[in-house]
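Residue 1097 in the working numbering sits at position 1028 of the sequence shown, and the numbers go up by one each step.
Here a beta-carbon is modelled for each residue, glycine too, at the ideal position from N, C-alpha and C.
Computed from a predicted model, the values in this text were never measured in an experiment.
Step one of this worksheet: look at the structure below.
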Amino acid sequence: MSETSETGANPRRPATARRVALVVALLLLAGLIVLWLVRKPIAEGFIDRELAKAGVPARYAIADLALGGQRLTNVVIGDPAHPDLVADWVETRTGVGLSGPYLKGVRAGKVRLRGRLVDGKVSLGAIDKLLPASSGKPFALPALDVSVADGRMRLETPHGIVGLKLVGSGKLDDGFRGTLAAISERLDIGGCAIDRLAATVKLRIDAVKPTVTGPVRVSRLACGTTRVDRLVADLDVGFSAALDLWQGKATLTTGAARTPGGTLAGTSGTIAFTGSAAASAGKVDIAAKTVRTLEGGARRVSVAGAYRIGEQIAFDGRVQASGAAVAQKRLAGLTGIGGAAAGTPVAPLAAAAAQAIQKAGRGFAADADVRMKIEGGRGKVLLSRLALASASGARVALGGGSGVALTWPNGGVRLDTTLAMRGGGLPEARVSLAQAKPGAAIRGVATIAPYAAGAARLALTPVTFSATPGGATSIATRVTLSGPIGGGGSANRVDGLAMPVAALWDGRGRLVVNTGCTPLAVQRFALSGLVLDPSRLTLCPVDGALLQVKGTRIGGGARIAAARLTGRLGTTPITLATAGATVWLADRGFAVERVQTRIGAPERVTRLDFGTVTGRMTAQGLAGAFTGGAGQIANVPLLLGDAAGDWTLVGGALNLTGAMGVSDAAPTPRFKPLAARTVTLALVNGSITAAGTLIEPTTNTKVADVTLAHALGAGAGKADLIVPGIAFAKDRLQPDTLTPLTFGVIADVNGSVSGEGHIAWNPDGVTSNGVFRTAGTDLAAAFGPVTGIATEIRFTDLLNLQSAPGQVATIRTLNPGIPVTDGTIRYQTLPGARVQVEGGAWPFAGGSLTLDPTLLDFSAASERRMTFHVANMAADQFLQQFDFKNLDATGIFDGVLPMIFDETGGRIEGGDLRVRPGGGTLAYVGDLSQKDLGIWANIAFQALKSLRYQSLRVGMNGPLAGEMVTDVRFAGISQGEGAKSNFIVRRLQKLPFVFNIRIKAPFRGLLDSAQSFYDPKRLIQRNLPALLQQQAAPPPPKLPTIQAPESSIVP
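Spelled out as structure tokens, the structure:
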């Protein structure tokens, strides 16, 4: 109704309006017709003016110019020789709006652009002059319909040349679809070289928001010595309408990567991002496979977490590794740890720990939480958790507190966490680490459970430590250690070795342990059968500390004061005492002073003393030298002294080599000291074996080869002596050089002695035996020279020189003043330097000489009696022994010669020789003339040259080496055959003559006196002149008669 009213009120208005509109339309049409007719000239003029105004050289051709579109061909912009743009054709579509004409779309065929990247901006050369100035408004994609059949660009950058290609069509603000390709042979960016970059991505614009998807490939990326092959980033990125925001992800893959320190087979993963030019953030999840480094490797290493890159760079995530392993050469280096400690109680622990680390290191997984923040040149990395899990069962965890923080540039490390370790053969431990602030001292306490491996066990009280910023670290704990020592089996070990430890590490490679005297306690020590009772010692440092480590050099040592230790050697009690000992770690040497060892019960103790014992640790065990050795083995009555030589302790076996002296342990020595050369002694498994050669030191004469064996546990053993042959000679070796028992008994021995002796001992006592022999030995005895002694003597108690009864010695000659030959003596040697003579016999002057049984005691200065008996001795044979050629005698004699020997020599007491009934004769058978004697002497000689006697008795008393008193009595004298007679002689023969003659002369001059008695020549020469002088003298006073009146004629 309203519409009708209006129409009715002004019925002419529509018609007028239509007329006006028609006129306007006609005018516009006319104008358009005019413009259309002149469109090309106008367009060319406008374009040329604008290009000239901008100073841009260009060439083009307008192929078509319509109201809704334009087509340019052969478009060239820029220097014709090096144009910045070349297009075979370009079409534009325009429209007219309220604000005037506008560009609706652009289509192009083949387009070639040339550009350069300068100071981070892309320059298109001359085209830059045609681009409108920035309006300051946010960037927005135009509502322009664009179609590019083949658009390419050569972009020159400071890093290299990049070729770009674009194909696509659609509205730039919504609906554009296209493909962008990029390629570069080489780009050098920030010290990295990118070879053969190739990218083909799809462009999609929906609702003014572009999206880029597709792969970017790099054949090789090389940064310094690091090289990565076949990098591929598959992009899916969406941008905001203003292109100032983006969001998306990149799926990354690479081929092998190499650095001097390691390799990996490849990586894969995704990086999600959201951000702007100011900052980007997102999540990363990248994994590398088959990672290998010089220190180890892993089957897979991954990094996952959130990150942010902008003014602040941050990461918060996890780093994980699976199939990880430490490099085999590093693990192999642990193998020697147990060997380096070989022979010590630490060896099983070190070997077990090394083996546990090796097993854990061969395969484990790692998982760590890491947080990083970098801003304004300052940064911080925080490790809040670390877990290591090995297939061996080992577990290591780091966590709690604020973690491990590393800050820079000058903050250092701050620790506030706990380290825990267990399983897989590793010691169970929990270590708390705390630091007040970065750069402050690190303090902590390590609680370590007792660690046992094999037969070894280590216990530590809570270990407190503190580390200064300079690296100086102090450690304090108390160690209790048990375990095997040396070799030779499980019996060799130390138990309950306890001592406090105070160590200081200076952070520059120097470790010092215990700078003061330290008490050491040992509950039990056992080595090679030696078991020591609980003991306490004090170790004082040498060179400033018990232990010093500086770089690869080890120093320090311990000084141990005088100590006395007790224990057992096998089942035998033992006591060890020293005046002091010093141990040097630099050369692993030691020296012990005045060692006194007592082994066994007091009644059979073995004593071994040394002035000094030095040594050092070797690769095999211990080795060294000793001096001033002395001792005695159990009940063996031999004293060892002046021992010096070398020793080793390897595998529980103690070996000594050297020289020493051997002497008799008896209060009154039975032999003189000997030298033992090339001595070897071994103590193995509780048994002592020894060997050596005994030498007489003054003449360097070999006496015997000795071997010895002794079981310490049983206290039993034996010694064997082999005497190959001791040669005695005058002015050289004599028996009294070897034994004082022969001094004053025998001398001038010439001969040899050989044989063997055996000594055995046990807790019940000592036994000994042996066999010794000599053949053809000569000597001088107290009773005269002896030659040709031959005997073999079997000792039933060699040490006490006791033989079996009935020993036999043959003697070629014996001359106590009267030589006897081919004799035999039966005897037995007895303890105490005594000889039991069982008897002796010699053939003697047609009869015999026998020795009565007697006991000769050489142990002290006492009388030793020997009684000889003469039986059936023929006077003529007796004279023949003395080569009395002018004498002849007959008669058979018997008698006895008791001899006594003491320290003053030998003598005869009560010697008595008597002719048997029937008497005998004495005759001088030599020639003698009156000229020799004179007339009266010749008359007497002729009368006495042959005598017959009825009785003859010779009594002898006196020393063999002094004046012997010999009483000769013979009676029944008459002329014998061949004597001349006269009146005087015949008158004298009727008188009953009894001759009593006493001769005082040395025993060995007695024979001369006897010869003068038997030889009238000598008798007359000496006595007749005195008789003649006596007859010429006045008669002496009357003397009493010689024979008492009651005497009678003796027939």
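Buried versus exposed, by CB contacts within 10 Å (16 or more), residue i
| i | result |
| --- | --- |
| A268 | buried |
| T336 | buried |
| F659 | buried |
| D833 | exposed |
| A78 | In this predicted model, A78 has a pLDDT of only 45, less than 50, meaning its place in the structure is not dependable enough to derive any value. |
| F812 | exposed |
| S837 | buried |
| A195 | buried |
| Q1122 | Past the edges of the chain, shown from 70 to 1120, lies residue 1122, and the structure says nothing about it. |
| A422 | buried |
| R183 | buried |
| W135 | First, the residue type needs correcting, since residue 135 is Ala and not Trp in the sequence shown. Counting Cβ neighbours within 10 Å, A135 comes out exposed, since fewer than 16 surround it. |
| W158 | buried |
| Q803 | buried |
Under 9 Å between C-beta atoms of residue i and residue j
| i | j | result |
| --- | --- | --- |
| A262 | A367 | no |
| T651 | G613 | no |
| T758 | T726 | no |
| L920 | A910 | yes |
| N754 | A722 | yes |
| V297 | L304 | no |
| V231 | L266 | yes |
| I858 | G820 | yes |
| G331 | A393 | no |
| F342 | G365 | no |
| G293 | G260 | yes |
| T420 | L452 | Reading off the sequence, residue 420 comes out as Ala, not Thr. Not a contact, by the Cβ cut-off of 9 Å. |
Reference residue i, options the options, closest by Cα
| i | options | result |
| --- | --- | --- |
| R464 | L455, G470 and S471 | L455 |
| R663 | Q424, L573 and A646 | A646 |
| P496 | R657, F245 and A515 | A515 |
| T359 | S371, G351 and S349 | S371 |
| A383 | R431, G445, K506 and D891 | G445 |
| K442 | D485, A914, L484 and I378 | I378 |
| G710 | G680, N704, T737 and F947 | G680 |
| I131 | E160, A150 and H151 | E160 |
| T644 | I629, I668, W653 and A712 | I668 |
| A1040 | L529, A150 and P986 | P986 |
| T936 | R976, D157 and D945 | R976 |
| T486 | V281, P279 and G513 | G513 |
| G786 | L580, T747, I828 and V165 | I828 |
| G244 | I252, V215 and I258 | V215 |
| I764 | L790, D354, R633 and A778 | L790 |
| G472 | G480, R491, V450 and G492 | V450 |
For residue i, the first and last residue of its enclosing alpha helix (DSSP H)
| i | result |
| --- | --- |
| K428 | V415 to R431 |
| L400 | Q397 to A401 |
Limits of the beta strand (DSSP E) - the one that residue i falls within
| i | result |
| --- | --- |
| P804 | From DSSP, P804 is part of no beta strand (DSSP E) but of the alpha helix (DSSP H) over P804 to L807. |
| T973 | Premise fails: T973 is in no beta strand (DSSP E) and is neither H nor E. |
| C292 | K278 to C292 |
| N1026 | S1020 to P1028 |
| P854 | G853 to D866 |
| R246 | D243 to I258 |
| V822 | I815 to N831 |
| P569 | R562 to W574 |
| N724 | A722 to D733 |
Beta-carbon separation (whole angstroms), residue i vs residue j, contact threshold 8 Å
| i | j | result |
| --- | --- | --- |
| L272 | L249 | 6 Å |
| D1036 | A992 | About 23 Å; that fails the 8 Å criterion. |
| F797 | V818 | 4 Å |
| A302 | P284 | 7 Å |
| G989 | A944 | 6 Å |
| V1121 | L1021 | This structure cannot speak to residue 1121, because the chain is shown only from 70 to 1120. |
| P170 | T163 | 5 Å |
| T865 | T882 | In fact, because the Cβ distance is near 30 Å, the residues do not count as touching under 8 Å. |
| A525 | G552 | 3 Å |
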